[in-house]
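These notes are about the structure you will find just below.
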Amino acid sequence: MFRSAPRRPRVITEFQPDAIEVEQRVPAKVAHVTLFLVVALIAVAVAWASVSQVDMIVTAQGKLITTRPNLVVQPLETSVIREIHVKAGDRVKRGDLLATLDPTFSQADVDQLRIRVAAFEAAIARLRAELDGTEFIVTSASNKDEQLQHKLFLQRSTTYDAQLRNFKAQIASAQANVRTAQNEEAVLVQRLETMHSIETMRSALMAKQVGSQLNLLLSRDARLEVESNLARVRGSIEDNSHRLEKALADQKVFAEDFRRTAYQDLVEATGKRDGALEELKKAELRRQLIVLKSPAEAVVLEIASRTVGSVVREAETLFVLVRQDGQLQAEVNVEGRDVGQVAVGQPVRLKFEAFPFQKYGTAVGEVRVVSEDSFSPDPKAEGVRRTTAPYYRVLVDLQDVHLRLRPERVQLIPGMAVTAEMKVGRRSVISYFLYPLLRGLDESIREP
């Protein structure tokens with residue numbers, strides 16, 4: 001290849017044409033050395049590219065999120081906004097005011113239910129006093145319900161006492177009649193015995209023809225009259241005894257009916273009072289919820305397009321809060337062509353758009369979750385990072401966040417844009433040249 005041509009005498013070459021002279025000129029040694037160096041360099045480069053490997057990196061865009069879901073603050077019922085105390089981006093603590101709604105309707109419900117509960121309480125106190133036989137005491141002169149129940153208590157007590165006195169009078173009258181009839185019965189029994197003796201004596205005298213028949217008949221008539229009176233008196237005793245029993249029974253029935261009615265009214269009033277108390281609890285809760293407060297330490301992410309005086313509907317989202325007490329993680333979108341190389345546990349380097357990595361450094365994380373299905377891009381999304389192909393969602397746990405910032409300036413918050421560089425493996429340098437060649441050979445010279 002590099003064999004030297006036979007050297008001719010100088011005299012002959014001087015008289016040769018220029019083309020032959022150039023053709024037969026001996027190449028310089030520098031050219032030989034340069035050629036050898038180029039070939040050796042190519043061989044070394046191919047060998048190095050075959051044995052050297054570089055990291056395979058899958059890059060994905062995303063943002064920071066929290067492990068706990070965002071807080072959605074909604075009104076319990078339709079109302080009017082009276083005041084909005086925060087704006088988007090504000091930090092709020094647990095219990096801080098977000099907005100105040102119109103309390104008119106909820107306060108009216110609370111007041112009405114409180115009046116009902118007070119009326120039931122007064123009625124229950126009056127009924128218990130009636131059942132216990134105690135005096136109903138008015139605790140406050142300004143309490144209209146107690147005043148009304150006190151009047152009702154006095155009226156019912158007067159009626160009850162008057163009816164009891166009436167029954168007692170009937171009982172006393174019947175008892176007196178029974179005692180009178182019993183005394184009269186005793187007298188008549190003695191008279192009847194006497195009349196029997198007289199009649200027996202006159203009958204004996206009549207048999208001896210000493211007495212007259214007229215006297216015998218008169219004594220017999222007197223006996224019959226006494227027997228008639230005795231029968232009448234005994235009937236009166238029985239009648240008055242029945243009246244006494246009836247009066248006693250009526251008195252007992254009246255007292256029991258009065259207590260039964262009172263117990264029924266007490267049970268009904270207690271049930272209504274308990275129901276009103278439950279309704280009052282709900283009304284008070286609705287009244288408390290007219291003041292919308294932050295349920296946890298968070299950052300105000302979104303506020304509905306409402307102003308003071310606007311009507312907000314029931315369960316309408318008014319505020320969206322991002323919790324600050326949850327652990328941060330990155331949610332990135334991996335293209336379908338790269339997801340086959342991403343696996344759980346792979347190391348990730350995170351770059352924050354708000355903190356250029358050239359100046360502040362990067363964070364270290366690890367792939368925790370790879371979605372099992374793809375997501376379609378949002379047609380409403382805007383910006384240079386908008387994608388048109390389906391993507392897979394990957395969650396990355398932040399393990400080491402040491403940015404070169406003063407502590408008071410390092411504040412990672414949900415929503416920050418991040419770029420995740422996932423190390424999915426290693427590959428040789430020569431593959432960068434061979435793979436396109438192999439793909440070209442595979443896809444070329446064939447029908448479309």
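Residue numbers for the sequence shown, in UniProt numbering: 1 to 448.
The beta-carbon is built from N, C-alpha and C at its ideal position, and this holds for glycine as well.
Query raised in the report: DSSP three-state call for K63: helix, strand or coil?
Result: strand
Query - Three-state secondary structure assigned by DSSP to V384 - result: Confidence at V384 is low in this model, with a pLDDT of 40, below 50, so the placement of that residue is unreliable and no value is reported for it.
Query raised in the report: K423 and D96 look like a contact to me (Cβ under 8 angstroms); what is the Cβ gap, rounded to whole Å?
Result: Wrong, their Cβ atoms sit about 43 angstroms apart, outside the cutoff.
Query raised in the report: Do you know how far the Cα of V80 is from the Cα of F313?
Result: Reading off the sequence shown, one finds Arg at residue 313, where the question assumed Phe. Their backbone Cα atoms lie some 9 angstroms apart in a straight line.
Query raised in the report: Buried or exposed: T139, going by 16 or more other Cβ atoms within 10 Å of its Cβ?
Result: exposed
Report task. Go through its chain and collect everything with a Cβ distance to L292's Cβ below 6 angstroms, but skip five positions before and after it. Result -> V73, L98 and A99
Report task. Take E185 as the anchor and find which of Q112, V429, N240 and V233 has the nearest alpha-carbon. Result -> V233
Query raised in the report: Using 8 angstroms as the threshold, is the stretch 328 to 342 in touch with the stretch 362 to 375, meaning 3 or more CB pairs across them?
Result: yes
Query raised in the report: Should N183 go down as buried or exposed, given a rule of 16 or more other Cβ atoms within 10 Å for buried?
Result: exposed
Report task. Quick one: give me the first and last residue of the beta strand (DSSP E) that residue 453 is part of. Result -> Only positions 1 to 448 of the chain appear in this structure, which leaves residue 453 out of reach.
Query raised in the report: Does the beta-carbon distance from I237 to V189 come in below 8 angstroms?
Result: no
Query raised in the report: Taking just the CA atoms, how far does I290 sit from F153?
Result: 41 angstroms
Query raised in the report: By how many angstroms is the C-alpha of I124 removed from the C-alpha of T270?
Result: 7 angstroms
Query raised in the report: Distance, Cα to Cα, Q61 vs Y392?
Result: 11 angstroms
Query - Continuous beta strand (DSSP E) stretch holding M422: start and end - result: A417 to S428
Query raised in the report: Taking A108 as the reference, which of A296, L280 and E135 has the closest Cα?
Result: L280
Requested in this report: Could you spell out the range, first to last residue, of the alpha helix (DSSP H) harbouring R337?
Outcome: Taken as a continuous stretch (DSSP letters only), R337 belongs to no alpha helix (DSSP H), as it is neither H nor E.
**Report entry** Proximity of V117 and L277 at Cβ, strictly below 8 angstroms
**Finding:** yes
Query raised in the report: What are the boundary residues of the alpha helix (DSSP H) that T78 is part of?
Result: Careful: T78 lies outside any alpha helix (DSSP H) and carries neither H nor E.
Query raised in the report: Excluding sequence positions up to five away, which residues of its chain have a Cβ less than 8 angstroms from the Cβ of Q149?
Result: A122, A123, A125, R126 and F136
Query - Assumed close pair R286, S106 - CB separation to whole angstroms, cut-off 8 angstroms - result: 5 angstroms
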